[in-house]
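J.:
Chains as they are written, first to last, in UniProt numbering: chain S, 1 to 483; chain L, 1 to 318; chain V, 1 to 220; chain F, 1 to 669.
#1: What does residue 65 (chain S) touch in chain V if you count any residue whose Cβ is under 7 angstroms from its own?
#2: Determine which residues share a DSSP beta bridge with residue 613 (chain F) and list them.
#3: Residues in the region 630-645 of chain F with C-beta within 9 angstroms of chain S's C-beta atoms, listed in sequence order?
#4: If I measure Cβ to Cβ from residue 5 (chain V) and keep anything under 7 angstroms in the same chain, skipping five residues before and after, which residues do I get?
#5: Find the nearest neighbour of residue 218 (chain L) within the set L:305, L:157, L:130 and L:150, judged by alpha-carbon distance.
#6: Using a 10 Å radius around the Cβ and a threshold of 16 neighbouring Cβ atoms, would you call residue 173 (chain S) buried or exposed?
#7: Return the residues of the region 131-145 of chain V that lie within a Cβ-Cβ distance of less than 8 angstroms from chain F, sorted by chain order.
#8: Where residue 150 (chain F) and residue 365 (chain F) are concerned, what is the direct C-alpha to C-alpha distance, given to the nearest angstrom?
#9: Just verifying my parser: in three-state terms, what is the DSSP assignment at residue 461 (chain F)?
#10: Would you mind giving the Cβ-Cβ distance between residue 72 (chain F) and residue 79 (chain F), rounded to the nearest angstrom? I have them listed as a contact below 8 angstroms.
#11: Select from the region 205-222 of chain S all residues with a C-beta closer than 8 angstroms to any C-beta belonging to chain V, and list them in chain order.
#12: I'd like to know whether the C-beta of residue 139 (chain F) is nearer than 9 angstroms to at least one C-beta of chain S.
#13: Sort out for me which residues DSSP pairs residue 73 (chain F) with in a bridge.
#14: For a minimum of 4 consecutive residues, which ranges assigned as the alpha helix (DSSP H) are wholly contained in the region 112-143 of chain L?
#15: Along chain V, which residues have their Cβ under 7 angstroms away from the Cβ of residue 652 (chain F)?
#16: What are the start and end residues of each continuous alpha helix (DSSP H) run of 4 or more residues lying completely inside the region 229-291 of chain L, in chain order?
#17: I'd like the list of long-range same chain contacts for residue 668 (chain F), defined as Cβ closer than 6 angstroms, with 5 residues on each side in sequence excluded.
#18: Give the residues of chain F in contact with residue 127 (chain V), contact being defined as C-beta atoms less than 8 angstroms apart.
#19: How many Å lie between residue 13 (chain V) and residue 98 (chain V) at the Cα?
#20: Kindly say whether residue 160 (chain V), judged by its beta-carbon, lies nearer than 9 angstroms to any beta-carbon of chain S.
#21: Could you tell me whether the region 90-106 of chain F touches the region 347-361 of chain F, where touching means 3 or more Cβ pairs closer than 8 angstroms?
#22: Using alpha carbons as the reference points, say which of F:49, F:7, F:59 and F:606 lies closest to residue 36 (chain F).
#23: Near residue 18 (chain L), what residues of its chain come up, given a Cβ to Cβ distance below 6 angstroms and the 5 sequence neighbours on each side ignored?
#24: Quick check on the burial criterion: 16 or more other C-beta atoms within 10 angstroms. Buried or exposed for residue 220 (chain F)?
#25: From what residue to what residue does the alpha helix (DSSP H) around residue 649 (chain F) run?
#26: Quick one: what does DSSP say residue 126 (chain S) is sitting in, helix, strand or coil?
#27: Note down, in chain order, every chain F residue with its Cβ under 7 angstroms from the Cβ of residue 56 (chain L).
#28: Alpha helix (DSSP H) containing residue 61 (chain L): first to last residue?
#29: For residue 466 (chain S), which beta-bridge partners are listed by DSSP?
#30: Taking only three categories from DSSP, how would you classify residue 159 (chain S)?
#31: From this set, S:281, S:148 and S:184, which residue's C-alpha is nearest residue 100 (chain S)'s C-alpha?
#32: Whole alpha helix (DSSP H) runs in the region 173-233 of chain S with 4 or more residues, listed along the chain?
#33: To which residues of the same chain is residue 379 (chain S) closer than 8 angstroms at the C-beta, ignoring the five residues directly before and after it?
#34: Leaving out five residues on either side along the sequence, give the residues of the same chain with a beta carbon under 8 angstroms from the beta carbon of residue 177 (chain V).
#35: Please list, in chain order, all residues of the same chain as residue 619 (chain F) whose beta carbon is under 8 angstroms from its beta carbon, the five residues on each side excluded.
#36: Does residue 13 (chain L) get closer than 9 angstroms to chain F when you measure Cβ to Cβ?
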């Protein structure tokens, strides 16, 4: 299929699967953690090979195109860095007795299953397969969230599970409806579930059916994106699970679900009788931004704080895609990438902080820049970046988004800006307490590796100042694709 | 030749204001005394006072700084420069373009600034009280004065005193409501600025009511002489200003020869005398007001100034 | 496809909706489980009828799965759980039965309104089927929302899934992958629910979600 | 020119990295400030060169940074050259001052990395020629200064200051973002060159103007967006305060000028009215606030609000004149604004340096605990006095010149055709005069209480003069204040190209006028000669001194203070800052700030002291910010319940969303 003599797509999928199988049986945390890093690294390499070295022809099941390659690379990259972070992080959890070796083995295996699920969802060229993959990824994260088996963790996992299952059901119903709509046009059988075919023939679908389908898909996958008012699982799942999982949830799973929504949006856009998806997405996006912004003010738990911030940013991204147009779509894509990198960096930092201080309660954390300058300033940098201040990448996307939409929809943009400002106020208030002021809590040095955090922040910083031409062209293609 | 003449006129002006200033003060005191059925000191008494003060040694408080000693000279200099630029008996002074009416007011502001600082230098409660009240009065008087300037400048299209005065000698200006308002306001400001009754009493030493005297309480000898001189100069300046702006007749215009200058000088003296008498009568016939009523008084001046400016716009547009 | 085929499919689908209403009305756990088993049986029948009507043999497998798992295994398991936990008391519903039923009526009307907008040229079977399936889905969701007890919520969720299967079966020629994944997900769902129920009992001595509420985030 | 300036910025950024690495090292301070000094001096030189000998076509440099398809555009035209000069002049002096003052810094590692970055940010804002680069630099500048505000982050007050500051900065940036978005249009014409000359409808122009006023005004400190300023400026180390007050507010003014005068093009006539009203209010309220302060640095910060108000009044006049096609008058007003920008940057830096010197000598910012420093810090006090005279707009120093020009511009108003403007302009002129007079009072109080009288605390008693470098920086600024005051003609001529660019007219060339006099319109209308006034005062004062010392007594006897016969040794009997302000407080603040005095007089025989408490409310805070904060808090409390719902209710939300969307579908046409 390509010059390297191996099938990169297959590698992206099979490596995590094989890794999961291996990790499930191997004992010893040091070995498994390293193996986890290795497998994730190989997957990343495979994904890069996919970028560099041509793409396979779309088949019945798998597809690699401009749209999903962005997601695949991002997914494998953050998967890799998180595995590095996790390797140093999870050892501490073992020492502190929060996890037993058995659970750790389970954790590593599940990590790879989850990566497999997400990669599969991204490369699937089949709406059924994609649904299966998203659900697989969701269910594994449910298990991961509950892995500490504390009351709170179980409660969070249960909430996630119930809401996720309803989302699963709704998305499946939507998928069936899409098939029903496609069948008269495409014909019975597998063809009626293949993306590339669907997109080609979408114009002939029954609009009413497609519309209903989209509602179900938007709500189903939107639950996983964390859009208000379907967001309820998100903060608790982030807060109670292991921090690497929080990073992966915010950085990746939300994107995967968003990717699904985008795919269906494309489908609807290709249908002349379909409802305008823009207003729906814009409404939900704005609702998420405002809700999250307001909710940020009363947070006491540091991870929950940043989980709400993820809701806010998902709202911004959905808003951007809902507005459409080359600039807004570009902004949405860029924002998504930058948010993934930044938010996972923040969660890395938060993980270190929580381990040092032995608590996630913000009232017991303070003066980090004084006691742990590298960590503290990285947290500052991360929050500054996530708040959309320059010279970080999110600034660029927010700049493009707000400046290009204001002339088109002033009222909506002003609402968005109000939400941004509100959220910023809350985040900064917390940051003030966390990073500055009199130091509070334990001051022992952290034993974990800061490298993943620095790498992410450096990337975000670089992207804010300079985006390489190929990346831009790539984004622009996708933006044009999204309409 | 013309330049030399101009320089001579300017020099004469400077000398005249410096020499006449104590006389005006003495004159007002004398008139006031007569109005109060006292004989009063001679009109030349201020000169004698000055001479005596100059001869005496200066007693300076132990913790006074250089500012305390420098301030009197700066005040005199600033006031003198300001006074030298107001047309007294002749317009067309050679240096009149170096400062317009706004600058003259600001120069007086500089003098006040240093006086207030000097009052605070020794660190006594009276110095502070005086400085504080002086600045409060100034904070109202200065904007009122500037609004008056606006009225005049908008009427004359200039802030140059000479230009305004020349213009006002011409009959086409005529009587204007706004100018009347400006005159009333200017008189009120002048009273306040010079610390006259009802704002302040230059003759008092009742501590709680004084403003100017409180600031200069620690001064003695030549320093006090300078301050007294500056105060006299300021009074002269304001009377000259009112005279030049509102009764400009008789001012010698540039290049009109020695006779005109003589006429100008005589009319000027007459104007001063009239101004002095009016001031004395006014002061005698009114009681001093409480400090916290001063803002109302000056607020009225401020309003009059503003009203004058606005009326000007109305009349212009008609 | 003859009228009879259509009528029977219609009747079975309508029966599912009716049973969903019965479940909404039912306020005792055991009875609820029994009704749910009946619901699954009717579903199996419906799917089987579709298999017959569409001449799609793989649907028989789906029907069999539905019959075996949903009508027998799961209700039995839930029976045992209920007995072991000793929670066979009455279900606490939120709001009265009357308003719930009215809401259910509204939902059915909504489903019809939404689905009847589909172009009439589409096969009427699919159209009617979808309307009923949507009703079942919405009623299942309504049940989850109006019940406080975890077991009855699970039942609500499963009746919702029945609606999905009904829809999938009605989709002519839909590849087997869907049925497998449905079964697959139900399996996983059930396992995970089982684990959770087990843990929840272990931790909280009750499956009433009230107990869980104490541990909602940040209320520490 | 642009390349040189960009190179300087690069050096500054590199210096920031050096500062990061060598922050705690003793060699870090001289290294960072030295490099900063060199870079800013070179940048200043290049900016002045661009002003004096403007290149035929402003050179535009495009770097492959920022927005990928646009690049980062940098361009120095007359306007940016002037502001670059202001920025780098202030920055150079701050670096010089920092060389000495930085020795007292307890947390150098929190200052050294950010100060050069802050300087670089300000330079970049002024040079940027595309919307993205502009906003990026703008916010970068805010961010760097925010880090500097938090240099002493352990003080909770500073934490609060940093918080309010950055939130307000973000608010401003978002407003500017909307502004530039409007100017760029939905297709993203982000280069400034593409924004110029685009026809815009009146509503659009209005919106741009209002948003620019909000965005730039919040950074500049216009009332009512000023609340952060008096918190943030004093919190930073003093040379940073000087930069923030003296320079950063100017960068904000630059932003406003660039957007409204250059990019927006013609604006409706009443736009001038809005700017005038806000400027006038800021001028008066700013100085009134300043008069009520007892914290020296906060007082200076409030006075910045006043001066920014004056600049905006002048800008408002320029707008009004420009929209009526009165190019000459507009140029006069605009020049006044720019000149005041320069002047304020000079004397405000000087004053903040002075406050820093006092702070380092006494560790005290509260003037009520100072006093008598003129004896212990003679150089500092003399230079601070120069700053006080300058900022009080007294001749012959520079503050007077720009205010005088502003008054001259006010006097052009009768020629305006619109009634609203003709009534408003003189009223605003009155406000300007009021502000100037109050500024005099304010700085008599500031200088008098701080430096004169007797020490009010042991710290003030033990004060000592600061290091030579600090004094050199202050002396340099003092000399510049005087030079700008007595040679304004040169400056006015140098500003002509900028005025030409902004309002399409220029003031008559002052070079040709004899004796270095400045003549805004015509000599018969008004003229001012700072040099001559200075010489006259100097000459007559020296004459008086000479004459008296020659012919009269020169004896001096030191004696205890007389104090009307009741001298009390305790320094507590002196007038305090609070009592000094009391008359003005009664006159103005009882209305503006609802100031109330309460006297607690113990009954006879009770030895407790009587107490006078003054209660003041900031109306802006009470009526604008407090309600917003309360509303956010209220909503946050209400919405916070969403975090604690049962799963069933969350499901209910999903259910309702589904039903709602289905209904939308059912009703979709």
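The beta carbon of each residue, even a glycine, is placed where N, CA and C say it ideally should be.
T.: So, from the data block:
#1: The premise fails here: residue 65 (chain S) is roughly 22 angstroms from chain V at the closest Cβ pair, so nothing lies under 7 angstroms.
#2: Answer by DSSP bridge pairing, in chain order: F:598.
#3: 632, 633, 635, 636, 637, 638, 639, 640, 642, 643 and 645
#4: 53
#5: L:130
#6: buried
#7: Cβ contacts with chain F come from 138, 141, 142, 144 and 145.
#8: 17 angstroms
#9: Three-state result, residue 461 (chain F): helix.
#10: About 19 angstroms separates the two Cβ atoms, so there is no contact after all.
#11: Per Cβ criterion, the list reads 206, 208, 209 and 212.
#12: Judged by the 9 angstroms Cβ criterion, residue 139 (chain F) is in contact with chain S.
#13: Answer is F:62.
#14: none
#15: 145
#16: Scanning the region 229-291 of chain L from its first residue to its last, the whole alpha helix (DSSP H) runs of 4-plus residues come out as 257-284.
#17: none
#18: Within chain F, no residue comes near residue 127 (chain V); the closest Cβ sits about 15 angstroms away, beyond 8 angstroms.
#19: 24 angstroms
#20: So yes, residue 160 (chain V) belongs to the interface.
#21: yes
#22: F:7
#23: none
#24: buried
#25: 647-667
#26: strand
#27: 553
#28: No alpha helix (DSSP H) contains residue 61 (chain L), which is instead part of the beta strand (DSSP E) from 58-61.
#29: DSSP output for residue 466 (chain S) lists F:66 as bridge partner(s).
#30: helix
#31: S:148
#32: 195-201 and 207-225, all fully within the region 173-233 of chain S.
#33: 346, 349, 350, 353, 368, 431, 434 and 435
#34: Because the pLDDT at residue 177 (chain V) is just 49, under 50, the model does not fix this residue reliably, and the value given afterwards should be weighed accordingly. The answer is none, since no qualifying residue turns up.
#35: 592, 593 and 594
#36: For residue 13 (chain L), the answer is no, since every Cβ of chain F falls outside 9 angstroms of its Cβ.
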